[in-house]
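The structure under discussion appears below in the form of structure tokens.
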Amino acid sequence: MAKLRWRMLLGILTLVATVAVATSCGGSSNSSNTPASGATTSSSGAPSGTITIAGTQFQSWDPHFANFAQDIAQFYMVWRGLYEFDLNSKPVPSMAAAMPTVSADGKTFTVKLKSGLKWSDGTPLTAGDFVLGLQRTCNPDIAGNYEYILTAVVGCDTYYNSNGNPTATPPVPAKSATEKEALRQAVGVRAIDDTTIEYKLTDPQPTFGEMLAMWPTFPVPSSKVSKVDAAWPAPLANAYNGPFMPSAYTEKSSIELVPNPNWSGAQKPQVAKIVIKYIDDVAVADNAYRNGEIDATAVDSTQLAAVQKDPVLGKELVEYPATRTMGLEFNDSDPILSNKNVRVALSQAVDRNTLNTVVLQGANVPTTNWMPPDRSGVALGTYDSLIGYNVNAAKASLAASGLKTTDINLTLLMVDSAANHAVAEFLQSQWKTNLGLDVKLEFVDTKTRSARYNATQFQIVVGGWQEDYPDPENWMLGLWQNPSSQNKTKTNVAALDTILKQATYDQNDTERRQLYQQSEKLLLDGANGIAPLYHSGQHRLVKPYITGMKEEKRASDTFVPGDWNPEYWKTSKK
Amino acid sequence: MIAYTIRRIFLMLPLLLAIATVTFFLMHAIQGGPFDQDKPLPPGTRIALEQRYGLAKPLEEQYVTYLKNLAHFDLGISIATDRPVRDIIGERFPISVQLGICAFAFAMIGGLALGTIAAFNQNGIGDYIGVFVATAGSALPGFILAPILVITFVLRLHWFDVLGWEFGNYHKMVLPIVAFGMLPMALVARITRASMLDVLRQDYIRTARAKGLREVRVVVRHAAKNALIPVLTISGPVFAGLITGSFIIERAFAIPGLGQEFVSAVLVRDYGEIMGVTLFYAFIFAVMTLIVDLMYAVADPRIRY
Numbered sequence: 026m027a028k029l030r031w032r033m034l035l036g037i038l039t040l041v042a043t044v045a046v047a048t049s050c051g052g053s054s055n056s057s058n059t060p061a062s063g064a065t066t067s068s069s070g071a072p073s074g075t076i077t078i079a080g081t082q083f084q085s086w087d088p089h090f091a092n093f094a095q096d097i098a099q100f101y102m103v104w105r106g107l108y109e110f111d112l113n114s115k116p117v118p119s120m121a122a123a124m125p126t127v128s129a130d131g132k133t134f135t136v137k138l139k140s141g142l143k144w145s146d147g148t149p150l151t152a153g154d155f156v157l158g159l160q161r162t163c164n165p166d167i168a169g170n171y172e173y174i175l176t177a178v179v180g181c182d183t184y185y186n187s188n189g190n191p192t193a194t195p196p197v198p199a200k201s202a203t204e205k206e207a208l209r210q211a212v213g214v215r216a217i218d219d220t221t222i223e224y225k226l227t228d229p230q231p232t233f234g235e236m237l238a239m240w241p242t243f244p245v246p247s248s249k250v251s252k253v254d255a256a257w258p259a260p261l262a263n264a265y266n267g268p269f270m271p272s273a274y275t276e277k278s279s280i281e282l283v284p285n286p287n288w289s290g291a292q293k294p295q296v297a298k299i300v301i302k303y304i305d306d307v308a309v310a311d312n313a314y315r316n317g318e319i320d321a322t323a324v325d326s327t328q329l330a331a332v333q334k335d336p337v338l339g340k341e342l343v344e345y346p347a348t349r350t351m352g353l354e355f356n357d358s359d360p361i362l363s364n365k366n367v368r369v370a371l372s373q374a375v376d377r378n379t380l381n382t383v384v385l386q387g388a389n390v391p392t393t394n395w396m397p398p399d400r401s402g403v404a405l406g407t408y409d410s411l412i413g414y415n416v417n418a419a420k421a422s423l424a425a426s427g428l429k430t431t432d433i434n435l436t437l438l439m440v441d442s443a444a445n446h447a448v449a450e451f452l453q454s455q456w457k458t459n460l461g462l463d464v465k466l467e468f469v470d471t472k473t474r475s476a477r478y479n480a481t482q483f484q485i486v487v488g489g490w491q492e493d494y495p496d497p498e499n500w501m502l503g504l505w506q507n508p509s510s511q512n513k514t515k516t517n518v519a520a521l522d523t524i525l526k527q528a529t530y531d532q533n534d535t536e537r538r539q540l541y542q543q544s545e546k547l548l549l550d551g552a553n554g555i556a557p558l559y560h561s562g563q564h565r566l567v568k569p570y571i572t573g574m575k576e577e578k579r580a581s582d583t584f585v586p587g588d589w590n591p592e593y594w595k596t597s598k599k
Numbered sequence: 177m178i179a180y181t182i183r184r185i186f187l188m189l190p191l192l193l194a195i196a197t198v199t200f201f202l203m204h205a206i207q208g209g210p211f212d213q214d215k216p217l218p219p220g221t222r223i224a225l226e227q228r229y230g231l232a233k234p235l236e237e238q239y240v241t242y243l244k245n246l247a248h249f250d251l252g253i254s255i256a257t258d259r260p261v262r263d264i265i266g267e268r269f270p271i272s273v274q275l276g277i278c279a280f281a282f283a284m285i286g287g288l289a290l291g292t293i294a295a296f297n298q299n300g301i302g303d304y305i306g307v308f309v310a311t312a313g314s315a316l317p318g319f320i321l322a323p324i325l326v327i328t329f330v331l332r333l334h335w336f337d338v339l340g341w342e343f344g345n346y347h348k349m350v351l352p353i354v355a356f357g358m359l360p361m362a363l364v365a366r367i368t369r370a371s372m373l374d375v376l377r378q379d380y381i382r383t384a385r386a387k388g389l390r391e392v393r394v395v396v397r398h399a400a401k402n403a404l405i406p407v408l409t410i411s412g413p414v415f416a417g418l419i420t421g422s423f424i425i426e427r428a429f430a431i432p433g434l435g436q437e438f439v440s441a442v443l444v445r446d447y448g449e450i451m452g453v454t455l456f457y458a459f460i461f462a463v464m465t466l467i468v469d470l471m472y473a474v475a476d477p478r479i480r481y
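Structural data, given as structure tokens:
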């Protein structure tokens, strides 16, 4: 009997082990190693070698829906729009034959496509594909995160809002299917013929040409997606018009890209394969780089000083500015922070140089500018006299506020991380030492911080802006105007509102840019909503046998230098 | 025993319903939602997204819809990736299972061996080594051990890789298995040692030795069965804990397992994935607990259900 019980025990254990192993031995249903019908390496200067980089898993493979930088970085490797941005952040033709023809009133843009364009599957790429792409971004069921950049396109907002709003008071009903189809047809984009697209705007938007370089206006492969709200195919089932296309994909692990044989760009891909390894932790990516498992990665900011001093890694380090500014964001509607002198005092009490050198290990550029100088044309340091570090001026500003230090109860809200603890404690010590203020620190997780920021349930946060498109408009419009749904700091400066209205539709580019410079000064004089602290820097490691990355680096790079134009990458490692 | 098993399976249903209910309402009660981000979404976009994922409906209606779908084994859609949660679990879980089984085997084989050697060499060199390894394994948490292993064996010695998991490729298997299995191995070793010492002092063991039986036969035929019962007790939860993955180990080695997926889902408030993975974990633990209880009855004839 005892033998029988032990055999039963053994049997149960064997059964459990077998079930467990069986479930673990199946491959991922989302992975494939079917080679794409891409270019094959020949012996005469054809693409060769493999470049492996560290990246992060995309949230969505749909460019008309996507929201995150890591998604967009991968889109530009496999798709292109009518235009793309050159190294000077100017739009240049990609699928388009030339720059758009703009009507005299600035409300009609006409674009001619290059002839003979094809998708990676060999089907023709036509004007209709671009029409469907824009309609898709405006479609309410797709719910494109970047629909706002197309707000000037006739009918786009109306179509986008046609699912109604059940939570409004009173509730707004959804349109019927027939009505929605009519709204789709009324969106201001049409194919005049197979190679000509016409866009109609409600107002003359001077930056619309830049919108046509952005992912929400990418074309749709109509052989794969025939209807505006059809599901977007997965990476291995889709079609591509960019320099590369996926040949293998395993979610949360990696994606492999090979040259697209139907890429129409002048610069043909020079590597046979790009592998993006999805690694969430940059410290792990750095270890993999040091171990030779990957060829390029971002630098772990906590290790930056050590990397800079390392005799080998120091030579492989590539450093350049990013298009991101971080600063102190104030809730201007708070009873204490509505006092301009308090805001200015808090800004003047912070030594930005020490913050950057000691706390941030020299990773960024200290600043009192809101827009990076390359974007605004305003030199660094221009606003130092208004809100820059000056202990005596800070004390004077606080005195001018009429408030006693004991009456000033403030809390700094931050996302809980090791780096943020260091920044917050530095700021707290600066305000205590220079102003005698006891500012409390509150650390929460990312989503809680975002929710409270969006609801303006804060006094001070450290926040900022990462550029969506390379124009001063993107740094000002919507963020600081009153009223605006994006204005979470409740900034309320009448002169700023007026000047931004003027700038939005000014067709004279020089004049427009000057208006934005003036708007920046109005914003910062009084630290109305923001007191900038630093412009972020890009810090990347690239193996010496890789070329084309450093040469094509851009401030907007996400994973590695030059990741907006990987067709220039080359490797001498076999 | 069959009736008991069937009864336990049916009892899982109200358990899973209770877990689903508590998780659902707690999840929605905490601040921050899936569409809250540093760059605020335009209101129209937020409304469109909430409608797309069914979050514009009243909470009670969302709850009932979720339960109805659950009855058809539909675990909903992941908001972060727009994919069915069932598919995500189907892809991530096998990876965690592979790592978990390997770590479990490492823990059990290593722990049993160390504990038995320590017990038979009480206060001798074998005992000291066993206790040292067990104590060190208990004292070093995964987030300390993993970087130590990476620095030593990857960056200094270049013996192994740091990235990813590939079953059959020992370069990618050894370090995650050791990092993940060390703590349970230490636990098994300590319990085995204590239990074996207790059993070796029993009269029937003295009788077996007095009869002239070889020591190996004494251990295997007489001591091991009783000494293993405490180990059996913890093996179920340990196994379930290992096969459900570890956020720390999976992140340290960039392994796309379910542990890291689950923690990420909580951090980004991916409601669909939080619900689906929580219920999946609850199911795994309930099944493993049932199996352990059944194995008691097999191992110990005195236990009847």
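Protein sequences appear in the order of chains H and G. FYI, this note's numbering numbers position 241 of the first sequence as 266, with every residue one higher than the one before it. FYI, this note's numbering numbers position 142 of the second sequence as 318, with every residue one higher than the one before it. Note that beta-carbon positions come from the ideal geometry of N, C-alpha and C, so glycine has one too.
Cβ-based neighbour list, residue i, same chain, cut-off 6 Å, excluding 5 preceding and 5 following
{"i": "H:Pro-60", "result": "A caution first: H:Pro-60 carries a pLDDT of 30, below 50, which makes its placement in the model unreliable, though a value can still be read off. Ser-272, listed in sequence order."}
{"i": "H:Thr-188", "result": "Note that residue 188 of chain H is Asn in the sequence shown here, rather than Thr. For H:Asn-188, where only same-chain residues beyond five positions count, the Cβ hits under 6 Å are Pro-165 and Ala-199."}
{"i": "G:Gln-274", "result": "Phe-343"}
{"i": "H:Phe-243", "result": "Pro-88, Trp-104, Gly-106 and Gly-158"}
Chain-order list of residues whose beta-carbon lies under 7 Å from that of residue i (same chain, five-residue window excluded)
{"i": "H:Gln-511", "result": "Gly-503 and Leu-504"}
{"i": "G:Leu-193", "result": "none"}
{"i": "H:Asp-96", "result": "Phe-83, Gln-84 and Ser-85"}
{"i": "G:Phe-415", "result": "Phe-280 and Met-464"}
{"i": "H:Asn-356", "result": "Leu-362, Thr-481, Phe-483, Gln-484, Thr-514 and Lys-515"}
Under 9 Å between C-beta atoms of residue i and residue j
{"i": "H:Ile-299", "j": "H:Pro-591", "result": "yes"}
{"i": "G:Leu-443", "j": "H:Thr-471", "result": "yes"}
{"i": "G:Thr-376", "j": "G:Ala-399", "result": "The residue asked about is misnamed: residue 376 of chain G is Leu in this sequence, not Thr. The answer is yes: Cβ separation under 9 Å."}
{"i": "H:Thr-473", "j": "G:Gln-207", "result": "yes"}
{"i": "H:Thr-183", "j": "H:Glu-172", "result": "no"}
{"i": "H:Thr-430", "j": "H:Leu-460", "result": "yes"}
{"i": "H:Arg-477", "j": "H:Val-469", "result": "yes"}
{"i": "H:Ala-177", "j": "H:Thr-227", "result": "yes"}
{"i": "H:Pro-398", "j": "H:Ala-404", "result": "yes"}
Residue i: contacting residues in chain G (beta-carbon distance under 8 Å)
{"i": "H:Pro-165", "result": "Ala-224 and Gln-227"}
{"i": "H:Ala-419", "result": "By Cβ distance, chain G contributes nothing, its closest Cβ being about 28 Å from H:Ala-419, past 8 Å."}
Chain H contact residues for residue i, given Cβ-Cβ distances below 8 Å
{"i": "G:Asp-374", "result": "Residues of chain H passing the Cβ test: none, with the nearest at roughly 21 Å."}
{"i": "G:Gly-209", "result": "Lys-472 and Ala-476"}
Contact set between residue i and chain G, taken where Cβ atoms lie within less than 9 Å
{"i": "H:Val-309", "result": "Val-326, Val-338, Leu-339, Arg-427, Ala-428, Phe-429 and Ala-430"}
{"i": "H:Glu-172", "result": "Pro-218, Gly-220, Thr-221 and Ala-224"}
Under 7 Å from the C-beta of residue i: neighbouring residues of chain H
{"i": "G:His-334", "result": "Asn-316"}
{"i": "G:Pro-216", "result": "Asn-479, Gln-511 and Lys-513"}
{"i": "G:Val-330", "result": "Asn-312 and Asn-316"}
Cα-Cα separation between residue i and residue j, rounded to whole angstroms
{"i": "H:Asn-445", "j": "H:Leu-452", "result": "10 Å"}
{"i": "G:Phe-356", "j": "G:Ile-324", "result": "13 Å"}
{"i": "G:Phe-296", "j": "G:Val-392", "result": "11 Å"}
{"i": "H:Pro-149", "j": "H:Gly-406", "result": "52 Å"}
{"i": "G:Leu-251", "j": "G:Phe-459", "result": "13 Å"}
{"i": "G:Gly-230", "j": "H:Ala-262", "result": "27 Å"}
{"i": "H:Pro-557", "j": "H:Glu-341", "result": "30 Å"}
{"i": "H:Ala-71", "j": "H:Pro-294", "result": "9 Å"}
{"i": "H:Thr-77", "j": "H:Val-567", "result": "11 Å"}
{"i": "H:Asn-190", "j": "G:Ile-223", "result": "7 Å"}
{"i": "G:Ala-289", "j": "G:Asp-303", "result": "11 Å"}
{"i": "H:Ala-418", "j": "H:Leu-438", "result": "25 Å"}
Contacts around residue i, its chain only, beta-carbon distance under 8 Å, and the 5 residues preceding and following it disregarded
{"i": "H:Gly-402", "result": "Arg-538 and Gln-542"}
Proximal chain H residues relative to residue i, where beta-carbon distance stays under 9 Å
{"i": "G:Thr-199", "result": "Going along chain H, no residue has its Cβ under 9 Å from G:Thr-199, so there is no contact; the nearest lies around 17 Å."}
> Relative to chain C, which residues along the region 425-457 of chain G have a C-beta separation below 8 Å, given in chain order?
Replying inline: Chain labels in this structure do not include chain C; the protein chains are H and G.
> Taking any Cβ of chain G, which residues in the region 99-114 of chain H have a Cβ under 9 Å from it, in chain order?
Replying inline: none
>> Tell me which residues of the region 250-272 of chain G have at least one Cβ-Cβ distance to chain H shorter than 9 Å, keeping chain order.
In response: Across the region 250-272 of chain G, CB contacts with chain H closer than 9 Å involve Ala-256, Thr-257, Asp-258, Arg-259, Asp-263, Ile-264, Gly-266, Glu-267, Arg-268, Phe-269, Pro-270, Ile-271 and Ser-272, in sequence order along the chain.
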